[in-house]
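See structure below.
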Amino acid sequence: MTSGTNRRKERPPFAADVDEQHAMSRLLALFTVFSLVAVATLYYAAIDTLDTLSPQGCRMSWMWPSYILQSRFDHSWTPLARRYSLWLYREGNLENNELHGSPVLFIPGNAGSSHQVRSIASSAANQYFSALHEVSPEFANKGYKALDFFAVEYNEDFSAFHGPTIDSQTAYAQRAIDYILSQYPADTSVIVMGHSMGGIVATALLPNPFISAIITMSTPHTLPPVRFDRRIDHIYADNLKDLGSDPTPLLSLCGGATDLMIPSESCILPALPSHDNISVYRRTVFTSALEGCWTGVGHLAMVWCHQVRWRIARAALEIAASPSLEARAAAMDFWLRDGHTLPPANTPSDILHPHPGEYNSVPPNQHLLVRNPSDTQSYMLPVPDPEDGLTSAKFVLYASQGSIPPVAPRRPLPFRATVYICPNSDSLTCSPLSPDTLKLIPSPVMGTPFPVPDAGSDESEGVVLFEADVSLSTRSRIVVKIDSGDKKGWVFGGFADSEPVLAEVGLAIDTLFLPLLTHTAHPSETHYHSLAPTFPRRILLHTHASAPYIASEHYDGHKLTIHSSGECWVDEIELSVDWWASVGRWGARYGTAAVCWAVGTVATILWDCWRLVEGGGKHSSHLPAQLWSIY
1 MTSGTNRRKE
11 RPPFAADVDE
21 QHAMSRLLAL
31 FTVFSLVAVA
41 TLYYAAIDTL
51 DTLSPQGCRM
61 SWMWPSYILQ
71 SRFDHSWTPL
81 ARRYSLWLYR
91 EGNLENNELH
101 GSPVLFIPGN
111 AGSSHQVRSI
121 ASSAANQYFS
131 ALHEVSPEFA
141 NKGYKALDFF
151 AVEYNEDFSA
161 FHGPTIDSQT
171 AYAQRAIDYI
181 LSQYPADTSV
191 IVMGHSMGGI
201 VATALLPNPF
211 ISAIITMSTP
221 HTLPPVRFDR
231 RIDHIYADNL
241 KDLGSDPTPL
251 LSLCGGATDL
261 MIPSESCILP
271 ALPSHDNISV
281 YRRTVFTSAL
291 EGCWTGVGHL
301 AMVWCHQVRW
311 RIARAALEIA
321 ASPSLEARAA
331 AMDFWLRDGH
341 TLPPANTPSD
351 ILHPHPGEYN
361 SVPPNQHLLV
371 RNPSDTQSYM
381 LPVPDPEDGL
391 TSAKFVLYAS
401 QGSIPPVAPR
411 RPLPFRATVY
421 ICPNSDSLTC
431 SPLSPDTLKL
441 IPSPVMGTPF
451 PVPDAGSDES
461 EGVVLFEADV
471 SLSTRSRIVV
481 KIDSGDKKGW
491 VFGGFADSEP
501 VLAEVGLAID
511 TLFLPLLTHT
521 AHPSETHYHS
531 LAPTFPRRIL
541 LHTHASAPYI
551 ASEHYDGHKL
561 TIHSSGECWV
571 DEIELSVDWW
581 ASVGRWGARY
591 GTAAVCWAVG
601 TVATILWDCW
611 RLVEGGGKHS
621 SHLPAQLWSI
631 Y
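Residue numbering for the sequence shown follows UniProt numbering, starting at 1 and increasing by one per position.
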């Protein structure tokens, strides 16, 4: 007999390591492919939503720029003069180099330039001057002054990533204000404008009795774009405290979902701490609701979009001529209106005494329609009978390109409409009807998209909307008086149908007013969408229920309103979830997640490599291969 020993063939020690390395390589390859596919999907979905979620319709602005370095603002004023600089803008064909008006300081944002001031400054000069040294008749001898636009140059500092940089910019801007005011009479104040993070610097200048008003554009007031140091959090906390106590008027302009640099919610001014006996003016206005603009505006486009810049410039001209805080706030409200609040002095005070034969009667359950109004005419509409337990009815009036005082387009037609309510009695004494809503809304043109790409709306376009609730408990009547008609425009009105709206749209050839969908998901933001079937496109509705690291305090769901003149009718509205657009919004709103993903990926790889190295020094050669697989 022979005896033998069963021998098991053992694998070399390095074979297990090779298999483990191959498995890790396959895992990393799969991880890399998934990451690339995810990034590509998020990118293309985000780009695709730009044309549908909040389309941009901006007219390009043009100017004749000239910049004058303020060389006397040197190190004798601030040690930061070696790092930053101050410039004065001049419109080449309208202004000379001498100071001749009220000062305005423009503060650029993260990696921004002082040259970004040119669009707004050029608009202010072209509005105030009609020719070289010649004041426009609209401003001549009325207490207005031209504007001297100064701009700080921060050499494209990355202020969004570094709190101490914001401190340096704030210190320089503060000394720049001191220098600017040293060249004017003692009672002069300065208007401050800030774009993006420049708005944070502008707010950090408070309190300052020499700042008359602040206008910020695309500024993340609620939350910093990134948090790399705690100093930024302290700056935001200090700004919040100053916003609640300082009386300087401040308005925040936001581009909405078109702005891919910051979430829309972070541009909204935060809720302020309450202070007794202190009244402060704080407004957030989205460009999609801004009267005369009605379009989403991108982050960089905010400073050159014509529909926005001319209104900012006009508001600045009015602010400079206003002697009090209240007057400055009223000027900002008038020229940067979003229609969410009533304009000041909105109701006329006159009393109407119509007599039979002096007005035209509109039959019950019929609408008022006046095409090409001429001279002065009055129309009487009876209040409908109560039904189904209703105690009030909504009276709606539209005036195309005319005015319902004090609201009108920039260049309105001569006619104006006034609404009165008259009790049911033999002797008619009619008093003005106070509106619940009085604002300017867009009027889309048949056969064209809304807003029109690269053009947007014109200053003379728009329809004035008047809405008021009328009690049905008394048999009253409504009188619409139209004055100074020149046979242009139209007026349409009546009581809104209380039946539920049931996205089939019927269209007449001679439609006065194409169906317009108004979407409101936040008290500060409104979007307008044309429902005309001649140019169909998908309409994306978005909410402000929450945002990255921001809790919503105003979310009440969606409010949809359809405005129409009656020739077009909407039979049905169909709502569904658009998952592709939702994915696009994830990429735009949660950009910081990509940074966290990259850090997590590298950390995982390094951990595995270090684990292999700790298991034996001979495996250190795996490190370069593992790191190379990242790419």
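Glycine residues also receive a C-beta, built at the ideal position from the N, C-alpha and C atoms. For clarity, every value in this text was computed on a predicted model and none was experimentally measured.
- Taking ILE268 as part of the alpha helix (DSSP H), name the residues at either end of that continuous run. Residue 268 sits at position 268 when you count from the first residue of the sequence shown. Element bounds for ILE268: n/a, residue is neither H nor E.
- On the DSSP bridge assignment, give the partners of GLU318 in chain order. Against the sequence shown, residue 318 aligns to sequence position 318. DSSP lists no partner for GLU318.
- List the whole-angstrom C-beta distance separating residue 657 from ALA45, where the pair is believed to meet the contact cut-off of C-beta under 8 Å. Residue coverage of the chain in this structure runs from 1 to 631, which leaves residue 657 outside it and unanswerable.
- With GLU95 as the anchor, note down where its beta strand (DSSP E) starts and where it stops. To locate residue 95, count along the sequence shown from 1; it is residue 95. Note, GLU95: premise wrong, no beta strand (DSSP E); not H, not E.
- Task: Answer with buried or exposed for ASP259, where buried requires no fewer than 16 other C-beta atoms within 10 angstroms of its C-beta.
- Result: Residue mapping note: residue 259 aligns to position 259 of the sequence shown, counting from 1. Answer is buried; the Cβ neighbour count reaches 16.
- Message: Let's test the definition: count the other Cβ atoms within 10 Å of the Cβ of ALA140 and tell me whether it reaches 16, buried, or not, exposed.
- Response: Position 140 of the sequence shown holds residue 140. ALA140 comes out exposed.
- Message: Assuming ALA517 and PRO435 are in contact, meaning their beta carbons sit under 8 Å apart, how far apart are those beta carbons, in whole angstroms?
- Response: As a working note, residue 517 is residue 517 in the sequence shown. As a working note, residue 435 is residue 435 in the sequence shown. First, the amino acid is wrong: residue 517 is Leu here, not Ala. Their Cβ separation, rounded to whole angstroms, is 21 Å, which puts LEU517 and PRO435 out of contact at 8 Å.
- Item | 3-residue-minimum beta strand (DSSP E) runs that sit fully inside the segment 187 to 245, ordered along the chain | 190 to 195 and 211 to 217
- Task: Kindly indicate which residue of LEU612, ALA598 and SER264 has the alpha-carbon position closest to the one of LEU36.
- Result: Within the sequence shown, numbered from 1, the residue matching residue 36 stands at position 36. Taking only the C-alpha atoms, the option nearest LEU36 is ALA598.
- Query: Looking only at C-alpha atoms, which of PRO382, ASN372, ARG337 and PRO344 sits nearest to TYR359?
  - Reply: Residue mapping note: residue 359 aligns to position 359 of the sequence shown, counting from 1. Among PRO382, ASN372, ARG337 and PRO344, the Cα nearest to that of TYR359 is on PRO382.
- Task: Using the Cα positions of ALA329 and SER374, report the straight-line distance between them to the nearest angstrom.
- Result: If you number the sequence shown from 1, residue 329 lands on position 329. If you number the sequence shown from 1, residue 374 lands on position 374. Rounded to whole angstroms, ALA329 to SER374 spans 37 Å at the Cα level.
- What number of angstroms, rounded off, separates the C-alpha of PHE492 from the C-alpha of ASN97? Working through the sequence shown from its first residue, we reach residue 492 at position 492. Working through the sequence shown from its first residue, we reach residue 97 at position 97. When rounded, the distance between both Cα atoms is 51 Å.
- Task: Tell me whether MET86 is buried or exposed, calling it buried when 16 or more other Cβ atoms sit within 10 Å of its Cβ.
- Result: Translated into the one-based positions of the sequence shown, residue 86 becomes position 86. Sequence check: residue 86 is Leu here, not Met. Answer is buried; the Cβ neighbour count reaches 16.
- How many Å lie between TYR549 and ALA399 at the Cα? On the sequence shown, position 549 is the one that residue 549 refers to. On the sequence shown, position 399 is the one that residue 399 refers to. Rounded to whole angstroms, TYR549 to ALA399 spans 43 Å at the Cα level.
- By how many angstroms is the C-alpha of LEU606 removed from the C-alpha of LEU612? For the purposes of this step, residue 612 is taken as residue 612 along the sequence shown, with counting starting at 1. For the purposes of this step, residue 606 is taken as residue 606 along the sequence shown, with counting starting at 1. If you take the alpha carbons of LEU612 and LEU606, they lie about 10 Å apart.
- Message: Residues in the same chain with beta-carbon distance under 7 Å from ARG82, minus the five sequence neighbours each way, listed in chain order, please.
- Response: The residue given as residue 82 occupies position 82 in the sequence shown. Within the same chain, ARG82 has close Cβ partners HIS75.
- Go ahead and label GLU575 buried or exposed: buried means 16 or more other beta carbons lie within 10 angstroms of its beta carbon, across all protein chains shown. Position 575 of the sequence shown, counted from the first residue, corresponds to residue 575. Rather than Glu, the amino acid found at residue 575 in this sequence is Leu. Answer is exposed; the Cβ neighbour count stays below 16.
- Mapping DSSP to helix, strand and coil, what is GLU614? For the purposes of this step, residue 614 is taken as residue 614 along the sequence shown, with counting starting at 1. Three-state result, GLU614: helix.
- Message: Taking the beta carbon of TRP610 as the centre, do at least 16 other beta carbons fall within 10 Å, making it buried, or is it exposed?
- Response: Against the sequence shown, residue 610 aligns to sequence position 610. Answer is exposed; the Cβ neighbour count stays below 16.
- Query: Among all the DSSP beta bridges, which residues are the ones paired with SER392?
  - Reply: For the purposes of this step, residue 392 is taken as residue 392 along the sequence shown, with counting starting at 1. DSSP output for SER392 lists SER471 as bridge partner(s).
- Item | Segment limits, beta strand (DSSP E) that includes ILE107 | To locate residue 107, count along the sequence shown from 1; it is residue 107. It spans 101 to 107 - the beta strand (DSSP E) in which ILE107 sits, taken as one unbroken run.
- Message: Can you list, in chain order, the residues of its chain with a C-beta nearer than 7 Å to that of TRP335? Leave out the 5 residues immediately preceding and following it.
- Response: Locating residue 335 in the sequence shown gives position 335, counting from the first residue. Within the same chain, TRP335 has close Cβ partners ARG311, ARG314, ALA315 and GLU318.
- Would you grab the beta carbon distance between SER218 and MET302 for me? Rounded to a whole angstrom, and I think it's under 8 Å. For the purposes of this step, residue 218 is identified with residue 218 of the sequence shown, where counting begins at 1. For the purposes of this step, residue 302 is identified with residue 302 of the sequence shown, where counting begins at 1. Their Cβ separation, rounded to whole angstroms, is 5 Å, which keeps SER218 and MET302 in contact under 8 Å.
- In the DSSP assignment, what are the bridge partners of ASN360? Counted from its first residue, the sequence shown places residue 360 at position 360. The partner list for ASN360 (beta bridge, DSSP) reads TYR379.
- Query: Which value, in whole angstroms, describes the spacing of the CA atoms of SER264 and LEU428?
  - Reply: Locating residue 264 in the sequence shown gives position 264, counting from the first residue. Locating residue 428 in the sequence shown gives position 428, counting from the first residue. For SER264 and LEU428, the distance between alpha carbons rounds to 51 Å.
- Report yes or no: do three or more beta-carbon pairs, one from the segment 161 to 179 and one from the segment 116 to 124, lie closer than 8 Å? no
- Tell me whether CYS596 is buried or exposed, calling it buried when 16 or more other Cβ atoms sit within 10 Å of its Cβ. Within the sequence shown, residue 596 is the residue found at index 596, counting from 1. By the neighbour-count rule (16 or more Cβ atoms within 10 Å), CYS596 is not buried but exposed.
- Message: Given this structure, state the Cα-to-Cα distance separating PRO249 from GLU291, to the nearest angstrom.
- Response: By 1-based counting over the sequence shown, the position of residue 249 is 249. By 1-based counting over the sequence shown, the position of residue 291 is 291. Using only the alpha carbons, I get a separation of about 20 Å.
- Message: Assuming contact is defined by CB atoms lying nearer than 9 Å, are PRO220 and ILE262 in contact in what I supplied?
- Response: As a first step, residue 220 must be located in the sequence shown, where it is residue number 220. As a first step, residue 262 must be located in the sequence shown, where it is residue number 262. Cβ distance < 9 Å, so PRO220 and ILE262 count as in contact.
- Query: In whole angstroms, what is the alpha-carbon distance linking ALA408 and ASP483?
  - Reply: Position 408 of the sequence shown, counted from the start, is the residue given in the question as residue 408. Position 483 of the sequence shown, counted from the start, is the residue given in the question as residue 483. Using only the alpha carbons, I get a separation of about 14 Å.
- Residue(s) in a DSSP beta bridge with GLY494: Translated into the one-based positions of the sequence shown, residue 494 becomes position 494. Answer by DSSP bridge pairing, in chain order: VAL396.
- Is the beta carbon of residue 634 less than 9 Å from the beta carbon of ILE180? Coverage of the chain is limited to positions 1 through 631, which leaves residue 634 absent and any answer about it impossible.
- Query: Among residues of its own chain, excluding the 5 on either side of residue 634, which ones have a beta-carbon nearer than 6 Å to its beta-carbon?
  - Reply: A query on residue 634 cannot be resolved here, the shown segment of the chain reaching from 1 to 631 and no further.
- Message: Looking at GLY462: is its Cβ nearer than 9 Å to the Cβ of ILE478?
- Response: Taking the sequence shown and counting its residues from 1, one reaches residue 462 at position 462. Taking the sequence shown and counting its residues from 1, one reaches residue 478 at position 478. Not in contact: GLY462 and ILE478 (Cβ atoms no closer than 9 Å).
- Query: By a C-beta neighbour count over all protein chains shown, 10 Å radius and 16 as the cutoff for buried, is LYS559 buried or exposed?
  - Reply: Looking up residue 559 in the sequence shown gives position 559. Exposed, by the Cβ-count rule.
- Classify LEU438 as buried or exposed, calling it buried when 16 or more other Cβ atoms lie within 10 Å of its own Cβ. Position 438 of the sequence shown, counted from the start, is the residue given in the question as residue 438. So LEU438 ends up on the buried side.
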